[in-house]
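Residue numbers (numbering that gives the first Met the number 0), protein chains in the order written: chain S, 0 to 141; chain Y, 0 to 141.
Structure record follows, encoded as structure tokens.
Protein chains: 2
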Amino acid sequence: MSGHDSAVSRLRAQGYRMTPQRLSVLDIVARRTGHVGADEVWNLAREEHPYVDLATIYRTLQWLKGLGVVTEVIIGNKLHFEMSDHHNPHNHMVCSVCDGVQTLTPDYLAEFSQRLEQEFGFSPSLDNITIGGVCNQCRAVT
Amino acid sequence: MSGHDSAVSRLRAQGYRMTPQRLSVLDIVARRTGHVGADEVWNLAREEHPYVDLATIYRTLQWLKGLGVVTEVIIGNKLHFEMSDHHNPHNHMVCSVCDGVQTLTPDYLAEFSQRLEQEFGFSPSLDNITIGGVCNQCRAVT
DNA sequence: TTTGTTTCCGCAAATCTATGCAACAACAGA
DNA sequence: TCTGTTGTTGCATAGATTTGCGGAAACAAA
Numbered sequence: 000m001s002g003h004d005s006a007v008s009r010l011r012a013q014g015y016r017m018t019p020q021r022l023s024v025l026d027i028v029a030r031r032t033g034h035v036g037a038d039e040v041w042n043l044a045r046e047e048h049p050y051v052d053l054a055t056i057y058r059t060l061q062w063l064k065g066l067g068v069v070t071e072v073i074i075g076n077k078l079h080f081e082m083s084d085h086h087n088p089h090n091h092m093v094c095s096v097c098d099g100v101q102t103l104t105p106d107y108l109a110e111f112s113q114r115l116e117q118e119f120g121f122s123p124s125l126d127n128i129t130i131g132g133v134c135n136q137c138r139a140v141t
Numbered sequence: 000m001s002g003h004d005s006a007v008s009r010l011r012a013q014g015y016r017m018t019p020q021r022l023s024v025l026d027i028v029a030r031r032t033g034h035v036g037a038d039e040v041w042n043l044a045r046e047e048h049p050y051v052d053l054a055t056i057y058r059t060l061q062w063l064k065g066l067g068v069v070t071e072v073i074i075g076n077k078l079h080f081e082m083s084d085h086h087n088p089h090n091h092m093v094c095s096v097c098d099g100v101q102t103l104t105p106d107y108l109a110e111f112s113q114r115l116e117q118e119f120g121f122s123p124s125l126d127n128i129t130i131g132g133v134c135n136q137c138r139a140v141t
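Structure below.
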């Protein structure tokens, strides 16, 4: 198996049932370097378990997101996911023109985030913040 | 009519056709202090023009957003809109627990945004950035 | 291994938003 | 005022994601 074993045992220890569907989704996201679309997860999962339902994929992905195991990246109105790496957290900048994704170390957001905490008591969920905008190349074209 | 007259004449001057549907949508968003959901715009618009289609509402709203006339706020997986106030621009913090919305002056984002420009050539679309997280009150409850 | 409890899944349907296309109607010009 | 051009609309449909519900199966305990 791959590097998500620790996640699996942690989840099991927390009392969650590790069904084949869940293991499969976790495996698919963990194997991938970079993000995977929900539909893509579905297609890959079906190779192993032909009867998995797309609803299960979405439910599992949202469940993992809520537990901090995976991170959601919204790319052009579609949901993508990747393993959360708490040792190397990062945010995403998504270009609205080409849907290209660049990553960002969270210290870019740290100061901003601290101010929101201090002045408003609002804790932004930095893990899942995606910055939309236009990238270098696409701006050049316009 | 209300305070969106200038927007109307500007749009007309730009060669866009100001149909009753468009005027109605603009009027509804302008009358409201704060944001309106797309479905809500539809319901209000139908009071005046019973045959407006929901697709038209969405198209018009996206059109106005693209022109910078309205601003989109994503609240709990739903699209909301409000008039853009270029004299008093602001961003939104949306609580993922209670869906409450707080506003934020853009100078909170200014420094952050400038760094992205300078270091990556990425221009974030500040107008439509929504910060997700948990608000003061909801955190207290947990 | 068997049983019981409770979570999870598959299925179907609903929700929200976007889009292709033919018919319609704004606005400009006659 | 009438007419033509072309941008817009309504309708139907598609796509992405979510949700309700009854049956299935994971895990614990016997």
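Quick reminder that beta carbons are idealized off the backbone N, C-alpha and C, glycines included.
What you are looking at is a predicted structure, and each value in this text was computed from that prediction instead of being measured.
At a cut-off of 8 Å between beta-carbon atoms, S/I27 makes no contact with chain Y. In the structure shown, the three-state DSSP call for Y/F121 is coil. Relative to Y/N127, the option among Y/L22, Y/Q20, Y/H3 and Y/T70 whose CA is nearest is Y/T70. The shortest C-alpha to C-alpha distance from S/M92 to any of Y/H34, Y/G67 and Y/L115 is the one to Y/L115. Counting only residues of its own chain and dropping the five nearest sequence neighbours on each side, S/L43 has a CB closer than 7 Å to the CB of I27. Between Y/E47 and Y/S8, the CB-CB gap reaches or exceeds 8 Å.
Shown here for Y/K64: same chain residues with a beta carbon closer than 8 Å to its own, the five before and five after excluded, namely T70, E71, F80 and N127 in chain order.
Contact between the segment 31 to 40 of chain S and the segment 50 to 61 of chain S is established, with three or more Cβ pairs separated by less than 8 Å. The C-beta of Y/S83 comes no closer than 8 Å to any C-beta of chain S.
S/I130 sits in a strand when the DSSP states are folded into three classes. Secondary structure at Y/T59: helix, using DSSP grouped into helix, strand and coil. Residue contact check for S/C97 against chain Y: no CB pair falls below 8 Å.
Two segments are said to touch when three or more pairs of C-beta atoms, one from each, lie closer than 8 Å; by this definition the segment 133 to 141 of chain S does not touch the segment 10 to 18 of chain Y. DSSP places Y/V7 in the helix class (H, G or I) of the three-state scheme.
Using a 10 angstroms sphere on the CB of Y/N90, the tally of other CB atoms reaches 16 or more, which defines it as buried. In this structure, Y/V133 sits near Y/S95, with a CB-CB distance shorter than 8 Å. Beta-bridge annotation (DSSP): S/K77 is paired with S/I74.
The three-state secondary structure of Y/N42, taken from DSSP, is helix. Beta-bridge analysis with DSSP links S/L103 to S/N90. For Y/S83, the number of other beta carbons within 10 angstroms of its own is at least 16, and it is reported as buried.
By the neighbour-count definition (other C-beta atoms within 10 Å, threshold 16), Y/H86 is an exposed residue.
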